[in-house]
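Numbering (our numbering), first residue to last: 394 to 1524.
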């Protein structure tokens, strides 16, 4: 009987035990039950926690294990037999390796059999069964087993093995209530260790170090190896922790093995021996005792460095690579080792890592301690440890220059700056520390914002107030570089100074320890000097005064007076400093000085200030004679009268018979009215700077004309031709217009002389006449005036007829010719004719127009004489030659289209030039093609690319005929694709006649047909010329063959072929025969030929399966039955 309990604490039912004992017949072996009880197992979830512990997944550390061993022994008895109970003995050997305690439970009133609940962590055993394992509370992975059946006493005894014992078996003696005894053996099996963690996971390879290993099933006497090397100081702190010291070991990752009596555990690649960092060099190897030097450390294994030290001083650093570190040296003295520390340890010291501190420069004082903000102050620096390569900085700005005096003295020029700055000296050994004695103060330069007054006399003495900033401690005041007579600083923003003597505009500048004020418009002071006159304009004027004079010079500001000689100017302007204007007073003719007075004095006299008073000029009477019809004749007047040169001549009262003109202001011209002769007059005035004269008179005498008339002595005109000429209208010297008239003789018939001298008209006959002509001018008064020519001969002659061309351009044969040769010079219309030679064949002359037209078909030189007559029948001839040259021929077909073998082809040929019709021939054509008319045509029979020379011959006649032109073209004949039909063949039937025609197309006929693969069915043949497949198949079965058709083309890539594969299966003919009818007497024998007229042979004779049965002869569609002996069956 089994019971399951929900709690770990066993409960015993004594009544049930008794009942079980009474009901049991025969002897029963005892049942052993061991219950494992842990603290807290009665709590909710305890069963689950215990289950986890058994599986090795529970992390809870159990302090002790209680093993409850209950022993209940049932003996063989009758139903009234009492239970036999066993109890523990006092204690077996090895009691120090365990503890026993007894729990008495009220429920244990009888020796009840007990079955522990496996789910609650107990164990049980039926008779004949082994017991379950019980995990040990030591945490070392061991387990307990009981190797005998047992019974429970009324007391519950708890067995707890010692956590430090190495004992693995305990034997207890059980004593029964019936006097019997039994051994109870408890075995402890050790579990193997397991490693779950190693901390730290690395140590220096050179020294090793302490390591903590966590896991489970750790027991005393454990050993640990690191990469095969044993660790030292192994301490089993608990079943889950071991402390050990890793040994020194070669660099690298190793396995950690922990070994106990229960076995070994390995953590593969779980521990690393780290390399020791090495310093191979440092740069630089020395630096300032004050520190601050940038130092590069070179070496190996530097990637994981955690500390850098100069001697004992730790410094900040930067790892720049696996072999490089940068840092800044701290302050120090002497020679120290630079060491680096990483997880692999601290680098060994040696000469390569040594850094030497060298005393750096120090500054004790500077002089001076102040200077202008603009820089430039020469400062003497006193201190120690200066070198020739020393640099100096004022704050963060380098000195402009540095001069090394000795190891304790430097001279430096301050750069620009503001405020205060520490003057520090830097050498290769460092930079001087900041001290109170190195402070340099920048003093800002003074500024001037205004002055008052802004001017003063050149002799100086003006007290000037200067406003601005930074005047405290002023050491000098200058006016344009000249020191002020005195100055006084009243505040940092105001001071006074007395101007020294000077000239012009100058800048006032103030100097303080901070520098000198910059120049600007605000500091300018103007010295007012005595005025000077350098020039005046104009330098002359009328004696009446009123001339506005511009006076140029210096110091012409604040003008208080201007004089012309001793007379004040009527008025004057204040002046701009270099110029002013004044209006001259009246004065006597002559020269005097213009002077200017200002607060600076009166200008000295000189050549530049001279002003001349000028009197007005006198216009004297003038007489002048001019030619008839003169152009502008000059009139000479005296321009030198008066005290100054005349600047203007003016016409007063103008002339009556001409025109007086002033040119260039100072010259006169007179031009008489055209055609006038006689006397004339006009008045004039002269003007200079002194004024204008009274009017003077100019008397003019205009002379009479001289007529000049010299026409040509001969004039010629053509009969019938319109003539017009002004050759006789050439009179000159008088007053135009002129009139012309015939004095003696008369003109040829048809000509007229107009009064304007034009000779015109159309002569009607050939004639010669002599005449004289008089030319008369139009002069008034006093005229007119005339002149008569000498003898003039007028001749009228026959016309000169000219042709538009005297030569003809050569033209090639075949050209449509059109050229007009026209006449001129006579009286139109003209008529044309050929009076000699002949025109080329096909060309005609239009007698009315002179056009020569037609088609040139003959080559040659054709000379002819062309005559033209005008309307008056005056003739003219010209000999012309028309050269007809060879025609310009061209085949204009540019390319031939491709052809294909066996395909009809046509290519039209074209040409130009010459005379049609054209004749075409060609060479190099492939076979099958020829030229017919103007085309290449035919059906090519060979492939390839052919060079074809096409020749065109035109129809030109004459010299050199016939004419032709050749053109080379390329013709490609491609292989024409062939086809073979039909695509499939009808299937033959064995024994039946068969015919099928295979037909090729494309390529060039005729074709040849052959079987090129496989074989024809027996009984069939292929005609190679016709492609007919015929015959009677003699057998059945599958047949596969290929037929190839080959054409007759030639050339590259030929002949052409086409192949087609065929397949069919030949079957026998289905047997059939017509019906056989016969008549016979009853029971009379009948002979029937079954195969008569039948098809589908051969036939097979099959015997009848039985006698006297109906023989059934079957043919297609019919059945005949009769009863015969031994009747065969035919199929």
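We put the CB at the ideal spot given by N, CA and C, even for glycine.
Measure the C-alpha to C-alpha separation of residue i and residue j and round it to an integer number of angstroms.
{"i": "residue 780", "j": "residue 801", "result": "9 Å"}
{"i": "residue 915", "j": "residue 842", "result": "6 Å"}
{"i": "residue 506", "j": "residue 587", "result": "Note that residue 506 has pLDDT 37, beneath the 50 cutoff, so the model's placement of it is unreliable and the number below is only indicative. Each residue's alpha carbon lies about 39 Å from the other."}
{"i": "residue 891", "j": "residue 821", "result": "55 Å"}
{"i": "residue 1525", "j": "residue 753", "result": "The shown model of the chain, from 394 to 1524, leaves out residue 1525, and the question about it has no answer."}
{"i": "residue 903", "j": "residue 920", "result": "19 Å"}
{"i": "residue 636", "j": "residue 609", "result": "13 Å"}
{"i": "residue 1019", "j": "residue 1088", "result": "22 Å"}
{"i": "residue 992", "j": "residue 977", "result": "22 Å"}
{"i": "residue 957", "j": "residue 1011", "result": "27 Å"}
{"i": "residue 1009", "j": "residue 1057", "result": "20 Å"}
{"i": "residue 845", "j": "residue 896", "result": "17 Å"}
{"i": "residue 910", "j": "residue 815", "result": "26 Å"}
{"i": "residue 1146", "j": "residue 1190", "result": "18 Å"}
{"i": "residue 579", "j": "residue 670", "result": "57 Å"}
{"i": "residue 729", "j": "residue 791", "result": "32 Å"}
{"i": "residue 1318", "j": "residue 1257", "result": "48 Å"}
{"i": "residue 1455", "j": "residue 1406", "result": "10 Å"}
{"i": "residue 605", "j": "residue 628", "result": "10 Å"}
{"i": "residue 974", "j": "residue 1080", "result": "24 Å"}
{"i": "residue 1426", "j": "residue 1459", "result": "8 Å"}
Is the separation between the beta-carbon of residue i and that of residue j shorter than 8 Å?
{"i": "residue 1113", "j": "residue 1207", "result": "no"}
{"i": "residue 1383", "j": "residue 1461", "result": "yes"}
{"i": "residue 1334", "j": "residue 1321", "result": "yes"}
{"i": "residue 1040", "j": "residue 933", "result": "no"}
{"i": "residue 1274", "j": "residue 1243", "result": "no"}
{"i": "residue 350", "j": "residue 1186", "result": "The requested residue 350 does not occur in the structure, where the chain is confined to residues 394 to 1524."}
{"i": "residue 775", "j": "residue 761", "result": "no"}
{"i": "residue 1065", "j": "residue 1022", "result": "yes"}
{"i": "residue 982", "j": "residue 1007", "result": "yes"}
{"i": "residue 1150", "j": "residue 1119", "result": "yes"}
{"i": "residue 618", "j": "residue 644", "result": "no"}
{"i": "residue 1353", "j": "residue 1252", "result": "yes"}
{"i": "residue 853", "j": "residue 894", "result": "yes"}
{"i": "residue 1402", "j": "residue 1366", "result": "no"}
{"i": "residue 998", "j": "residue 986", "result": "yes"}
{"i": "residue 1302", "j": "residue 1286", "result": "yes"}
Going by beta carbon distance, what residues of the same chain come within less than 7 Å of residue i, once the five residues before and after it are set aside?
{"i": "residue 1226", "result": "1240 and 1260"}
{"i": "residue 438", "result": "Note that residue 438 has pLDDT 36, beneath the 50 cutoff, so the model's placement of it is unreliable and the number below is only indicative. Within the same chain, residue 438 has no close Cβ partners at all."}
{"i": "residue 601", "result": "638, 639, 640, 641 and 642"}
{"i": "residue 851", "result": "894, 895, 896, 920, 921, 922 and 993"}
Less than 8 Å between C-beta atoms, sequence neighbours within five positions excluded: which residues of the same chain meet that for residue i?
{"i": "residue 970", "result": "947, 948, 949 and 950"}
{"i": "residue 347", "result": "Because the chain in this structure spans residues 394 to 1524, residue 347 falls outside the shown range and cannot be described."}
{"i": "residue 1224", "result": "1240, 1241, 1261 and 1262"}
{"i": "residue 1045", "result": "1075, 1076, 1077, 1078 and 1088"}
What residues in its chain sit with their C-beta under 6 Å from that of residue i, if we drop five residues either side in the sequence?
{"i": "residue 908", "result": "765, 767 and 838"}
{"i": "residue 1123", "result": "1104"}
{"i": "residue 474", "result": "Residue placement at residue 474 is poorly supported in this model, since its pLDDT is 32, which falls under 50; the coordinates still yield a value, given next. Excluding positions up to five away in sequence, the list is empty."}
{"i": "residue 1169", "result": "1132, 1177 and 1179"}
{"i": "residue 1160", "result": "1141 and 1189"}
{"i": "residue 1311", "result": "1304, 1345 and 1347"}
{"i": "residue 930", "result": "943"}
| Counting Cβ pairs closer than 8 Å, one from the region 1178-1192 and one from the region 1085-1100, do we hit at least three? | Enough Cβ pairs lie closer than 8 Å, so yes.
| field | 3-residue-minimum beta strand (DSSP E) runs that sit fully inside the region 1362-1438, ordered along the chain | value | Taking only runs of at least 3 residues, the beta strand (DSSP E) segments lying wholly in the region 1362-1438 are 1372-1374, 1387-1390, 1392-1394, 1401-1407, 1413-1415 and 1421-1424.
| query | Pairing CB atoms from the region 802-813 with CB atoms from the region 853-873, are three or more of them under 8 Å? | reply | By the Cβ criterion, the region 802-813 is not in contact with the region 853-873, since fewer than three pairs of Cβ atoms, one from each stretch, lie closer than 8 Å.
| message | Going residue by residue through the region 1105-1158, where are the continuous beta strand (DSSP E) segments of at least 3 residues, counting only ones entirely within it? | response | Entirely contained in the region 1105-1158, the beta strand (DSSP E) runs reaching 3 residues are, in chain order, 1107-1111, 1116-1118, 1132-1137, 1144-1146 and 1152-1154.
| Taking three-plus beta-carbon pairs below 8 Å as touching, is the region 584-599 in contact with the region 650-660? | Cβ pair count under 8 Å is three or more, so yes.
| field | Segments assigned beta strand (DSSP E), at least 3 residues, entirely inside the region 992-1063 | value | Here the runs fully enclosed are 1003-1007, 1015-1019, 1026-1028, 1041-1044 and 1051-1056.
| Every unbroken alpha helix (DSSP H) within the region 598-625, with a cutoff of 4 residues, ordered by chain | You should have found no qualifying run.
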